[in-house]
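Engineer: Okay, handing you the structure first.
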Amino acid sequence: MNLSELNNNQYAPSFSGAASRIRFAPHTKITIKGVSYTEVASDNEACVMRRVDNPEVHERFTFVELVDLVAQGLLTEEPGAFSLPAVRSKVGPNIKLSDLKPEVAEMVRFRQFICDEFLKMEAEGHTSRSNAAMEPTLETLFGRWVTLLVQRLPGTRFSSQQTEGTFKIPSPSAVRNWLQKYEAADFNVMALCPLKHKCGNRTDRLHPEVRDLLRCSALEYASLLKPTVKRVYEKFEEHFDELNETRAQNGLPTLLKPSIAAMRAEIRKLAPYHVDAGRKGTSYAQKKYAYIQGKHNPEWPLQVVEMDEWLVSLHTLFTRTGLWEELGISTQEALEKDYGRMQLSAAIDVRTKCILAMQLAPTATTDLAIATLRMAMSDKSDFAKSAGCETPWDMAGRIQMVRVDNGPAYVAGAFSTAAIDAGIAVDYAVAGAPYLRGTIERVFSTFHTGLISLFDGRTFTNVVDKGDYEAGARASLSVEELGQALVRWVVDVYHNTPHEGLGGQTPRNCWLALRKKVGVPLSPNQDAMRACFGLTVERRLRSEGIQLYCNKYQSHELQAIRRQYRTGQLKVRFDPDDLGHISVDTPKGWLKVPCTTLEMHGVPLETHVANRQRMLAKYGEEAAQSAAIVKKALAGLRRLADETRARRGIASPVFTLDNLAKLDAYFSDDRQRLDEDFDGDILGFDEIEDVDEAETTDIEPDSPASHVAESAPFLGNDDDDDDDDFDYILED
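Per the numbering used here, numbering of the sequence shown is gapless, rising by one per residue and ending at 1109.
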């Protein structure tokens, strides 16, 4: 499709060479090359920082130097690290809302909703904190909360029993207590977390002398004589009796003897490596635990961002591209399917009117909303480059508040959890009042009049305007072309066109001017993005590390955890846009672990799956496991990733838990066969029924791919049971 007409109204930005000013939030901990600082003062050119380890030392950094440090990964920030209320409100070290149990996280969201809505009504003078004023107010707010639940779970009816606990109307005294904690913590949502996990008597019930004797006796279990728990306990009883005799001679009261269950519990606290080394020898333990290492009215940008979805008023179709023969079966089927009208999820900065993110998908879902929120804070250079834009799409940074409606995609707990973990406040606009999100509503109208009206296949607002125009029959634009057209029009036309809401200034010039005058918050780094927006699965820690979709992730710190703790299944969080690292939830907190295959750094999951499909089809099942062939295939992985990104752009698929479940089965279940159950749709992005097998594959009978089709599509086993890697069993 010729898009040359999109450049007719371009306006050259006047701040193309302006320096970027970084806006650090109050109480932020800034780490530069391992040294911690806090900001003291700043101007248009530089920032003065005080060293935390030596408060008398002040250093000056120009913003040019800071931007260069960020690009090199030598500067990180931790917002609120030096805020005393925020520190006091922490539930535990580095605990986020997504780390809590679902029922606890739901309770926190409920309390935050009640507090936020009450504070709004209190500021408007509609209520106060007296019992008489709070009781009717809380009844009203509780009704709004139930409405949100119904929108989140359509068709669900909540009985009186279900409204107990989390869904019970809180008392005025309870809400006043929540408000006191919430305000004292500078509105940190974690201050509303119920600390039931800290309830109960946590003091040791055993006398210190008995506890020490129990610990020393438990160490005898790690012996080459391999004593049973019963034998260790019998020896403990002998020493315990001697201890009581000594105390009696000294006129001290006798102590109560712990049971054999206490001995078992103490033995289970021993490090697995220590037990195996003691009972089976150091060489055995070293071999077992040796790891296998492989290759409002905002004043500054991003203060308030509005998000919404729009059913694009244009019918689209899929057409074959020049890369057709090189695409996998799943991608070919996706390109042949007619999605009709697509949903566009977008985010706009209220202060500068700049579009921060756009995502196209067949339906509006919570996963789409989360992907859009993440894109708003990420670098979008690849999208602009692939669409042929002449203007950069460099608007990104940490959002302070996102304003959304009460749609199902936003009221879902997953969206608010991701936003809160990223330090973003969520403001839910009142239902039926779109003017409260006027910026995003108006821009969708601008999309229609400025871009969509250029193409055939657009829809109309009513049958009178439509007449005899058949939009579906006149569809001429593919989804990929629509995505590229949207990006190019937004970046090159909309951002460079004078805006009435900015007094005639263009959105891009407004962004650049404010970036120089007041600064723009830094974008969360890659690790923070993975922690807040990554997908979570469970994997077992073994000698080769963590295995995820045939990639191994390994580090010295990870194996130290394996030697010290009985881990079992661990939570693993990964970024579907970059498989280079994962985060593992260990007993010592979240740990960043790199992939042993260096070529996987920066490779998206979608590209990794497509590459494995091509490798199997070309080399066969056994050859696909060869390290030499894998390296050869990885050499072309970057080209494949660039082609996929350029082709799909903002129409790239959004991963869901259902996608990952299918992907787990594909990588680990060798009972699934290509000639039986496998239909080419590995990730489940396309739900195609009644597909003729002859149409979905074009493989010659004697080709190498035909042998793959007759065998199981085994690409590696994530479970990978290892006979040598088992947990020791206590012998009674």
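For each residue, glycine too, the CB sits at the ideal point set by N, CA and C.
1) Tell me whether the beta-carbon of residue 601 lies closer than 8 Å to the beta-carbon of residue 656.
2) Cα-Cα, which of 877, 763 and 599 is closest to residue 658?
3) Report back the beta-carbon spacing between residue 982 and residue 1032 to the nearest angstrom; my notes put them in contact at under 8 Å.
4) What does residue 972 pair with, by DSSP beta-bridge criteria?
5) Does the beta-carbon distance from residue 825 to residue 731 come in below 8 Å?
6) Under DSSP, the beta strand (DSSP E) around residue 416 begins and ends at which residues?
7) How far does the alpha helix (DSSP H) with residue 426 in it reach, from first residue to last?
8) Relative to the alpha-carbon of residue 682, which residue among 796, 970, 429 and 551 has its alpha-carbon at the smallest distance?
9) Taking just the CA atoms, how far does residue 479 sit from residue 397?
10) Rounded to whole angstroms, what's the CA-CA distance from residue 928 to residue 473? Just pull it up for me.
11) Nearest by alpha-carbon distance to residue 495: which of 547, 1042, 527 and 965 is it?
12) Starting from residue 827, trace the alpha helix (DSSP H) both ways and give me its first and last residue.
13) Note down the Cα distance separating residue 859 from residue 832, rounded to an integer number of angstroms.
14) Can you tell which of 756, 596 and 631 has its C-alpha closest to the C-alpha of residue 900?
15) Over what stretch of residues does the beta strand (DSSP E) that includes residue 803 continue unbroken?
16) Give a yes or no on whether the C-beta atoms belonging to residue 637 and residue 661 are separated by under 8 Å.
17) Keeping to the same chain, check which residues put their C-beta closer than 6 Å to that of residue 664; ignore five residues upstream and five downstream.
18) To which residues does DSSP link residue 778 through a beta bridge?
19) Does the Cβ of residue 629 have 16 or more other Cβ atoms within 10 Å, making it buried, or fewer, making it exposed?
20) Residue range of the alpha helix (DSSP H) that residue 957 falls in?
21) Residue 883 by DSSP, collapsed to three states: which one?
22) What residues in its chain sit with their C-beta under 6 Å from that of residue 456, if we drop five residues either side in the sequence?
23) By how many angstroms is the C-alpha of residue 458 removed from the C-alpha of residue 553?
24) From residue 884 to residue 870, what does the alpha carbon distance come to, in whole angstroms?
25) Could you tell me the alpha carbon to alpha carbon distance between residue 449 and residue 410, rounded to whole angstroms?
26) If you count every other CB in all the chains shown that lies within 10 Å of the CB of residue 649, and 16 or more means buried, which is it?
27) Check for me: the beta strand (DSSP E) holding residue 439 runs from which residue to which?
28) Taking residue 412 as the reference, which of 399, 420, 625 and 428 has the closest Cα?
29) How close, in whole Å, do the beta carbons of residue 930 and residue 971 come, if the pair is a contact with beta carbons under 8 Å?
30) With the cut-off set at 8 Å, would you say residue 959 and residue 935 are in Cβ contact?
31) For a quick check, are the C-beta atoms of residue 728 and residue 678 less than 8 Å apart?
32) Hey, residue 915 and residue 961 are a contact pair by Cβ (cut 8 Å); roughly how many whole angstroms apart?
33) Give a yes or no on whether the C-beta atoms belonging to residue 616 and residue 632 are separated by under 8 Å.
34) Using DSSP's beta-bridge definition, name the partner residues of residue 906.
Structural biologist: In brief:
1) In contact: residue 601 and residue 656 (Cβ atoms closer than 8 Å).
2) For residue 658, the nearest C-alpha among the options comes from 599.
3) Sure, about 7 Å apart at Cβ, within 8 Å.
4) Answer by DSSP bridge pairing, in chain order: 930.
5) No.
6) Looking at the DSSP string, the run of the beta strand (DSSP E) that includes residue 416 is 412 to 419.
7) Judged by DSSP secondary structure, residue 426 falls outside any alpha helix (DSSP H) and instead within the beta strand (DSSP E) spanning 423 to 428.
8) Residue 682 has its Cα closest to that of 796, out of 796, 970, 429 and 551.
9) Residue 397 and residue 479: Cα-Cα distance of roughly 40 Å.
10) CA-CA distance, residue 928 to residue 473, rounds to 27 Å.
11) Nearest C-alpha to residue 495 among 547, 1042, 527 and 965: 547.
12) For residue 827, the uninterrupted alpha helix (DSSP H) segment begins and ends at 815 to 827.
13) Their Cα atoms are separated by approximately 10 Å.
14) Checked all of 756, 596 and 631; the closest Cα to residue 900 is 756.
15) Residues 802 to 805.
16) When the beta-carbon positions are compared, residue 637 and residue 661 stay at least 8 Å from each other.
17) None.
18) For residue 778, the pairing in a beta bridge is given by DSSP as 802.
19) So residue 629 ends up on the exposed side.
20) Counting along the chain, residue 957 falls outside any alpha helix (DSSP H), though it belongs to the beta strand (DSSP E) covering 955 to 963.
21) DSSP, reduced to helix, strand and coil, places residue 883 outside both helices and strands of the structure shown, so it counts as coil.
22) Closer than 6 Å at the Cβ level, and outside the excluded window around residue 456, lie 402, 405 and 800.
23) Taking the Cα positions, residue 553 is about 26 Å away from residue 458.
24) Distance from the CA of residue 884 to the CA of residue 870, rounded to the nearest whole angstrom, comes to 10 Å.
25) When only Cα atoms are considered, residue 449 and residue 410 end up about 10 Å apart.
26) Residue burial is scored here from C-beta neighbours: residue 649 has at least 16 other C-beta atoms within 10 angstroms and is therefore classed as buried.
27) Run containing residue 439: 435 to 439, per the beta strand (DSSP E) assignment.
28) Out of 399, 420, 625 and 428, 428 has the C-alpha closest to the C-alpha of residue 412.
29) Contact flag correct, Cβ pair sits at about 7 Å.
30) Their beta carbons are not under 8 Å apart, which means residue 959 does not touch residue 935 by this criterion.
31) Yes, they are a contact pair.
32) Contact flag wrong, Cβ pair sits at about 11 Å.
33) No; because the gap between Cβ atoms is not below 8 Å, this pair is not in contact.
34) Answer is none; residue 906 lacks a bridge partner.
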